[in-house]
Ligand SMILES: [Zn+2]
């Protein structure tokens with residue numbers, strides 16, 4: 155009732171967005187400007203707007219033609235003006251949570267300004283780009299670090315030939331047959347959902363649609379639609395190994411991207427009216443938290459040995475696979491997980507122009523043990539998403555550290571869920587969750 159009264163009073167006074175007599179901007183007016191700016195930039199790059207479920211009337215008018223020139227100068231000056239307005243917002247009475255919102259909005263504005271500059275031809279080094287877009291400082295490892303991990307794999311893998319050849323032969327026994335894919339994924343997602351909903355309260359109507367697609371640079375994607383709904387797409391271009399069922403179920407669905415978006419919508423957009431969260435700008439600090447939490451979410455929903463136990467008893471039989479060598483398979487996957495950072499090194503060298511696409515693909519074959527065609531697909535991902543690659547592994551490590559340093563360890567799953575929920579429900583960026 156009180157809310158209704160305030161709403162009516164606002165209509166009469168038409169001044170509630172900006173009640174300050176000195177006409178100081180409010181954070182809500184800056185947030186609205188940010189959403190409208192992101193939507194405009196999204197007209198020129200289809201990857202920029204990953205999700206939008208705010209007011210229809212905030213969408214820009216359609217472009218005159220798809221060849222309309224990119225108005226870089228105008229958009230950059232809009233971004234700068236929003237930064238200036240944000241800097242003059244009166245934060246004296248802000249709570250800690252409101253200050254977190256304020257800080258994150260500033261970083262999201264830096265990211266969209268950077269993206270506009272990049273669309274206008276600006277280039278940054280890999281590390282500079284990661285800092286501006288994702289608020290993160292990616293670590294750098296010498297190749298000798300990865301050679302040491304390859305030696306560990308060498309000792310574990312059976313058979314003859316190079317590490318990559320032996321891995322490929324060994325992993326072949328763990329491919330989900332195509333005709334079983336849908337059954338295995340649906341069961342894996344249902345289990346991840348059941349386990350997540352035992353800890354989180356989501357909107358009652360939350361749900362997802364699952365589709366299989368081809369010819370993409372990624373293996374899975376979640377398109378959040380608003381109102382608790384997601385479209386999850388899985389790419390079947392390449393063989394899908396049994397461990398990917400839980401990975402993708404948790405990462406794209408529960409408690410990963412679908413749940414993250416649903417919690418932001420419920421807590422920040424609907425409950426608080428913080429409209430900047432109604433648009434998800436892909437090349438922004440929000441993505442490091444999104445990818446990092448989606449990857450760490452696998453360990454939240456299947457902590458410790460519970461994952462392997464579930465896979466051996468449910469998913470292996472369902473896929474018609476022999477679980478006898480499952481333990482060794484997962485020991486090998488754990489080492490491969492550490493090798494993942496070699497992908498960042500390949501991306502850094504490739505995007506900085508220090509190596510060719512073929513050399514980058516060769517690095518992925520050597521260190522990530524990718525088949526040649528899969529390695530080339532991954533270089534297409536680097537072309538399309540560039541330094542975004544850091545969000546998966548660095549993001550996961552930062553999120554793990556954030557949750558576990560506060561007591562959310564594998565042997566304390568309740569605490570882990572609790573801290574994880576707080577992370578998914580509030581404004582956070584890489585630098586604010588780093589110790
Ligand atoms: Zn993802």
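In this note's numbering, the protein residues as written are 155 to 589.
All C-beta atoms in this analysis are idealised placements derived from N, C-alpha and C, irrespective of residue type, glycine included.
Identify whether residue i lies in helix, strand or coil by the three-state DSSP scheme.
i           : result
residue 491 : helix
residue 229 : helix
residue 245 : coil
residue 472 : helix
residue 425 : coil
residue 384 : strand
residue 291 : coil
residue 379 : strand
residue 364 : strand
residue 389 : strand
residue 276 : coil
residue 205 : strand
residue 166 : In this prediction, residue 166 scores a pLDDT of 40, lower than 50, which makes its location untrustworthy; the coordinate-derived value is nonetheless stated afterwards. The answer is helix: DSSP assigns residue 166 an H, G or I state.
Taking residue i as the reference, which of the options has the closest Cα?
i           : options               : result
residue 405 : 449, 437 and 315      : 449
residue 225 : 180, 274, 241 and 257 : 274
residue 389 : 454, 480, 367 and 312 : 367
residue 312 : 354, 305 and 321      : 321
residue 407 : 360, 186 and 333      : 360
residue 355 : 387, 227 and 409      : 409
residue 335 : 325, 487, 391 and 556 : 391
residue 547 : 209, 416, 496 and 181 : 496
residue 223 : 208, 250, 195 and 210 : 195
residue 209 : 193, 249 and 484      : 193
residue 400 : 554, 577, 298 and 453 : 453
Which whole-angstrom value describes the C-beta separation of residue i and residue j, a residue pair presumed to lie in contact below a C-beta threshold of 8 Å?
i           : j           : result
residue 258 : residue 581 : 4 Å
residue 270 : residue 330 : Not confirmed; about 42 Å, so no contact.
residue 184 : residue 232 : Rounded, the Cβ-Cβ distance is 11 Å, inconsistent with contact.
residue 561 : residue 569 : 5 Å
residue 237 : residue 430 : The pair is not a contact, with the Cβ atoms about 14 Å apart (cut-off 8 Å).
residue 362 : residue 387 : No, residue 362 and residue 387 are not in contact; Cβ-Cβ is about 11 Å, not under 8 Å.
residue 374 : residue 417 : Rounded, the Cβ-Cβ distance is 20 Å, inconsistent with contact.
residue 243 : residue 179 : 6 Å
residue 412 : residue 376 : 6 Å
Identify, in the order they occur along the chain, each residue of the same chain with its Cβ nearer than 6 Å to the Cβ of residue i, setting aside the five sequence neighbours on each side.
i           : result
residue 538 : 371
residue 492 : 303
residue 317 : 304, 307 and 308
Given residue i, which residues of its chain have a CB within under 8 Å of its CB, disregarding the five upstream and five downstream residues?
i           : result
residue 466 : 477 and 480
residue 563 : 569 and 570
residue 559 : 589
residue 510 : 504
In chain order, what residues of the same chain lie with their CB nearer than 7 Å to the CB of residue i, ignoring the 5 residues before and after it?
i           : result
residue 529 : 515, 518 and 519
residue 584 : 288, 289, 290, 439, 442 and 552
residue 217 : 197
residue 279 : 506
Stretch pair the segment 368-378 + the segment 340-359: three plus CB contacts closer than 8 Å: The segment 368-378, when compared against the segment 340-359, does not touch it at the 8 Å Cβ threshold.
Can you confirm whether the segment 435-445 touches the segment 203-218 when touching is taken to mean that 3 or more C-beta pairs between the two stretches lie within less than 8 Å? Per the Cβ contact rule, the segment 203-218 is in contact with the segment 435-445 (3 or more Cβ pairs under 8 Å).
Determine, using beta-carbon pairs with one atom in the segment 506-515 and one in the segment 542-549, whether at least three such pairs fall under 8 Å. No: the two stretches stay apart, fewer than three of their Cβ pairs being nearer than 8 Å.
Between the segment 447-463 and the segment 279-287, do at least 3 Cβ pairs fall closer than 8 Å? Short answer: they don't touch.
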